[in-house]
Structure formats: C-alpha cells, structure tokens
Amino acid sequence: MNDLLDPESGLLRPGSLTVDRSLAPDRARHLVRIGQLLYTFWHTGDPDYLKRSVEETFVDHTLPPGRPQGVAGPATASATFRAAVPDLACELSDMLIVGDKIAVRLRFTGHFTGVFDGVAGRGQPIDFLAFDIQHVGAGRIVEDWHLEDNLTFLRQAGVVS
Amino acid sequence: MTGQHRRLLTRLVADADLIDPDPVLVRPRGLTVDGEHSEAAARRLVHLAQSLYTFWDTGDETHLDRAVDTSFVDRSAVAGSPPGPAAVAGPAMRLRREVPDLGCVLEDLIVAGNKFAARLSYRGHVGGRPVTIAAFEINYVGAGKIVEGWRLLGKIVEGQA
Numbered sequence: 142m143n144d145l146l147d148p149e150s151g152l153l154r155p156g157s158l159t160v161d162r163s164l165a166p167d168r169a170r171h172l173v174r175i176g177q178l179l180y181t182f183w184h185t186g187d188p189d190y191l192k193r194s195v196e197e198t199f200v201d202h203t204l205p206p207g208r209p210q211g212v213a214g215p216a217t218a219s220a221t222f223r224a225a226v227p228d229l230a231c232e233l234s235d236m237l238i239v240g241d242k243i244a245v246r247l248r249f250t251g252h253f254t255g256v257f258d259g260v261a262g263r264g265q266p267i268d269f270l271a272f273d274i275q276h277v278g279a280g281r282i283v284e285d286w287h288l289e290d291n292l293t294f295l296r297q298a299g300v301v302s
Numbered sequence: 003m004t005g006q007h008r009r010l011l012t013r014l015v016a017d018a019d020l021i022d023p024d025p026v027l028v029r030p031r032g033l034t035v036d037g038e039h040s041e042a043a044a045r046r047l048v049h050l051a052q053s054l055y056t057f058w059d060t061g062d063e064t065h066l067d068r069a070v071d072t073s074f075v076d077r078s079a080v081a082g083s084p085p086g087p088a089a090v091a092g093p094a095m096r097l098r099r100e101v102p103d104l105g106c107v108l109e110d111l112i113v114a115g116n117k118f119a120a121r122l123s124y125r126g127h128v129g130g131r132p133v134t135i136a137a138f139e140i141n142y143v144g145a146g147k148i149v150e151g152w153r154l155l156g157k158i159v160e161g162q163a
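Top to bottom, those sequences are chains A and B.
In terms of my numbering, the first sequence opens at residue 142 and continues consecutively.
In terms of my numbering, the second sequence opens at residue 3 and continues consecutively.
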C-alpha cells in the first residue's frame with residue numbers, strides 16, 4: 142500500500158496501512174494524505190497541517206468537557222498537551238481507510254517537563270494509546286470520534302495515583 | 003455522506019445488507035466494508051465482529067469462542083495476560099462486575115482488508131444510575147477467527163446519550 146503514501150517531506154507515515162482498493166486511486170491517495178496531514182499536526186503541533194486536513198465545519202462527536210467545538214478543538218487540545226509534554230511525538234501505528242472513513246491507532250510519547258493543570262512535571266516518561274475515526278467529506282475531515290488513554294497519561298504524569 | 007465517492011465494489015450487496023440478521027446478534031449502527039471483499043468474505047468478517055460484540059453485550063462465551071481464536075493475543079494488554087478467548091473474557095468479566103447489567107452498542111464498524119475497527123459504547127447502571135463507557139478496538143482476523151487485537155476502554159461516565 143506504500144504506493145498510496147504522500148511523499149511530501151515532513152509528513153508522518155503509518156506503521157501499517159490497509160486501504161479499500163475499490164476506491165478510485167486518486168480518492169484513495171487523497172484519503173491517505175488527509176490522514177498523514179492530520180497526524181503530522183499531532184506529531185509536530187504545527188497548525189498548518191491541521192488547516193490542510195480539517196474543514197471549517199468540522200464537528201467532534203466525542204468532545205471532552207472544556208474543549209471548544211470545531212477546528213479550534215484539536216488546536217486547543219494540542220497546545221494544552223504540548224504545554225505539558227513539549228517533546229510530544231505521535232506515532233501513526235495503524236491506519237485503515239474504507240469508504241469515506243479513516244480509522245487509526247495512535248501512540249503518544251514524550252516527557253512531562255512542562256505544566257499540566259497547574260502541576261509542574263519532573264520529566265516523567267509519557268507513553269499512551271489513542272484511537273480515532275475520521276469522516277472525510279469531498280475535501281477535508283468533516284467529523285470525528287476519538288478516545289485517548291487519559292488515565293494512563295494522568296498516572297504517568299503523577300496527577301492521579 | 004458516506005458513499006458519496008463511487009467505489010468499484012466486487013460484490014453486488016450494499017454494506018448494510020452484509021449484516022447477519024440473526025436477532026440474538028448485535029447489529030452495527032454504522033457499517034463500512036472494504037469493497038474489494040467478495041460477498042462471502044465480507045459477510046464472514048461482519049459476522050465475526052457481530053459475534054465478538056454480542057459476547058460483550060450478553061456475557062455469553064459461546065459468541066466469544068465463535069469469534070476469537072485460541073491463539074488470540076491482545077496487543078494492548080499488560081504483560082502476563084493469557085492468550086485466546088480468556089484475554090477478552092477477563093476484561094469483560096471485570097467490567098461486568100462494576101456494571102452488572104452491561105450492554106454493548108456497536109456504534110460503528112469499519113472493515114478494511116482482514117482488519118476491523120469498532121467504535122463501541124457500553125451501557126448499564128451503577129447504583130441505579132445510567133452509565134456509559136466508550137471504547138475503540140482494532141482486530142485482525144486470521145484464516146478463521148480473530149487472532150490479534152488492540153483495545154482501549156474509556157472511563158465510566160454518568161449518563162447515556
């Protein structure tokens with residue numbers, strides 16, 4: 142499936158990729174690129190990648206309390222998270238693309254050297270899983286559903302026991 | 003908006019018609035299946051997913067044994083977790099202890115190649131109050147049954163959507 146990957150330098154590449162081959166090749170490449178762009182945003186924190194992958198009308202169906210709806214949601218979440226874990230890295234471990242949907246398994250790693258919820262980190266290693274399902278419209282992502290292993294993160298950060 | 007982009011399906015059957023109509027089985031609310039699969043292969047994969055989540059819905063291990071291979075490995079489990087159906091039965095039993103009337107809604111099922119991604123919501127009551135637990139999984143199907151899986155279970159949240 143590597144023929145479908147976008148070769149743009151700096152873009153994240155999935156560890157494993159399974160794509161519905163009944164999709165037209167141009168559409169399949171487009172969906173793979175959208176996935177690579179979104180998770181390059183999570184890997185780097187660069188909002189340009191977010192703009193390129195998510196529509197203005199984007200809706201988060203699993204909005205955590207306190208996070209703004211729309212494209213501001215992931216931007217805010219990433220900034221908050223990077224304030225706690227400045228060396229945050231996102232591994233795109235697995236990506237499935239079928240129809241208009243992208244399902245992914247992610248692994249976030251880094252060190253708690255910043256500040257989270259008023260608590261200063263002491264360099265604790267961070268390593269936890271997340272899953273997302275993204276729905277792509279004609280162009281970019283229009284809606285999503287996601288789940289992060291927040292409890293593991295909070296335990297590793299020493300915020301909860 | 004799913005399906006707005008034309009796919010050259012190998013089969014003549016729409017995604018929704020691949021669901022096993024057996025009333026004891028959990029039905030996916032959303033379903034997108036790889037268009038390259040033959041009808042028989044697509045039905046088999048959807049049926050495996052329905053069987054697995056019917057086990058989570060009912061606690062009846064007959065459904066679990068039909069879906070999960072004896073060689074099954076849970077890649078997201080802590081070290082020392084047993085292989086085979088017991089790797090799924092253990093966590094399900096622990097959750098059912100906390101939520102005795104546990105039910106499982108298969109909110110979205112995405113089948114790509116020999117993998118399927120599932121978005122789930124477990125529902126039930128704790129101390130008479132309705133609760134929901136979100137979960138995501140990706141499972142890999144071998145020659146017959148599910149042989150490998152990655153799973154993330156969210157926390158118990160009060161209320162039901």
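Note that beta-carbon positions come from the ideal geometry of N, C-alpha and C, so glycine has one too.
So what does DSSP say about residue i, is it helix, strand or coil?
{"i": "A/G176", "result": "helix"}
{"i": "B/R98", "result": "helix"}
{"i": "B/T4", "result": "The predicted model places B/T4 with a pLDDT of 46, which falls under 50 and marks its position as unreliable, so this point remains unresolved."}
{"i": "A/H276", "result": "strand"}
{"i": "B/G126", "result": "strand"}
{"i": "A/G214", "result": "helix"}
{"i": "B/N141", "result": "strand"}
{"i": "A/L164", "result": "strand"}
{"i": "A/L292", "result": "helix"}
{"i": "B/A163", "result": "coil"}
{"i": "B/L175", "result": "Outside the shown range of chain B, which is 3 to 163, sits residue 175 of chain B, and nothing can be said about it."}
{"i": "A/D228", "result": "coil"}
{"i": "A/K192", "result": "helix"}
{"i": "A/T203", "result": "coil"}
{"i": "A/D147", "result": "coil"}
{"i": "B/T56", "result": "helix"}
{"i": "A/R281", "result": "coil"}
{"i": "B/T13", "result": "Just to set this straight, residue 13 of chain B is Arg in the shown sequence, not Thr. If DSSP states are grouped into helix, strand and coil, B/R13 belongs with coil."}
{"i": "A/R170", "result": "helix"}
{"i": "A/R208", "result": "coil"}
{"i": "B/A119", "result": "strand"}
From residue i to residue j, what does the alpha carbon distance come to, in whole angstroms?
{"i": "B/R45", "j": "A/R162", "result": "18 Å"}
{"i": "B/I148", "j": "B/A43", "result": "14 Å"}
{"i": "B/L47", "j": "A/R296", "result": "36 Å"}
{"i": "A/D273", "j": "A/V173", "result": "14 Å"}
{"i": "B/I112", "j": "B/D17", "result": "10 Å"}
{"i": "A/W286", "j": "B/E139", "result": "13 Å"}
{"i": "A/P266", "j": "A/G255", "result": "12 Å"}
{"i": "A/G240", "j": "B/E38", "result": "11 Å"}
{"i": "A/L146", "j": "B/P102", "result": "46 Å"}
{"i": "B/V15", "j": "B/L27", "result": "20 Å"}
{"i": "B/V143", "j": "B/N116", "result": "5 Å"}
{"i": "B/L97", "j": "B/A114", "result": "28 Å"}
With a threshold of 16 other CB atoms inside 10 Å of the CB of residue i, please say whether the residue is buried or exposed.
{"i": "B/K157", "result": "exposed"}
{"i": "B/P30", "result": "buried"}
{"i": "A/R281", "result": "buried"}
{"i": "B/A136", "result": "buried"}
{"i": "B/V35", "result": "buried"}
{"i": "B/V159", "result": "exposed"}
{"i": "A/G264", "result": "exposed"}
{"i": "B/T64", "result": "exposed"}
{"i": "B/D110", "result": "buried"}
{"i": "B/L155", "result": "buried"}
{"i": "A/H202", "result": "exposed"}
{"i": "A/V260", "result": "exposed"}
{"i": "B/Q52", "result": "buried"}
{"i": "B/E100", "result": "exposed"}
{"i": "A/P219", "result": "Correcting the residue type first, residue 219 of chain A is Ser in the shown sequence and not Pro. Label assigned to A/S219: buried."}
{"i": "A/D144", "result": "exposed"}
{"i": "A/G262", "result": "buried"}
{"i": "B/D76", "result": "buried"}
{"i": "A/P148", "result": "exposed"}
Kindly give me the distance between the Cβ atoms of residue i and residue j, rounded to whole angstroms, as I take these residues to be in contact under 8 Å.
{"i": "A/K242", "j": "A/Q210", "result": "At roughly 21 Å, the Cβ-Cβ gap does not stay under 8 Å, so A/K242 and A/Q210 are not in contact."}
{"i": "A/V283", "j": "A/G176", "result": "Incorrect: roughly 14 Å between the Cβ atoms, too far for contact."}
{"i": "A/T217", "j": "A/R208", "result": "6 Å"}
{"i": "B/G151", "j": "B/N141", "result": "4 Å"}
{"i": "B/A89", "j": "B/W58", "result": "Incorrect: roughly 13 Å between the Cβ atoms, too far for contact."}
{"i": "A/L152", "j": "A/M142", "result": "At roughly 15 Å, the Cβ-Cβ gap does not stay under 8 Å, so A/L152 and A/M142 are not in contact."}
{"i": "A/T250", "j": "A/D268", "result": "5 Å"}
{"i": "A/A271", "j": "A/L292", "result": "So it is not a contact: roughly 12 Å between Cβ atoms."}
{"i": "B/H49", "j": "B/D22", "result": "5 Å"}
{"i": "A/V212", "j": "A/L178", "result": "That pair is no contact at about 13 Å."}
{"i": "A/A169", "j": "A/I238", "result": "7 Å"}
### Task
Any chance you could list the beta strand (DSSP E) runs of at least 3 consecutive residues sitting entirely within the segment 16-50 of chain B, in chain order?
33-35
### Query
If you scan the segment 66-111 of chain B from start to end, which runs of the alpha helix (DSSP H) of 4 or more residues do you find wholly inside it?
88-100
### In chain order, each beta strand (DSSP E) run of at least 3 residues that lies wholly inside the segment 235-264 of chain A
242-253
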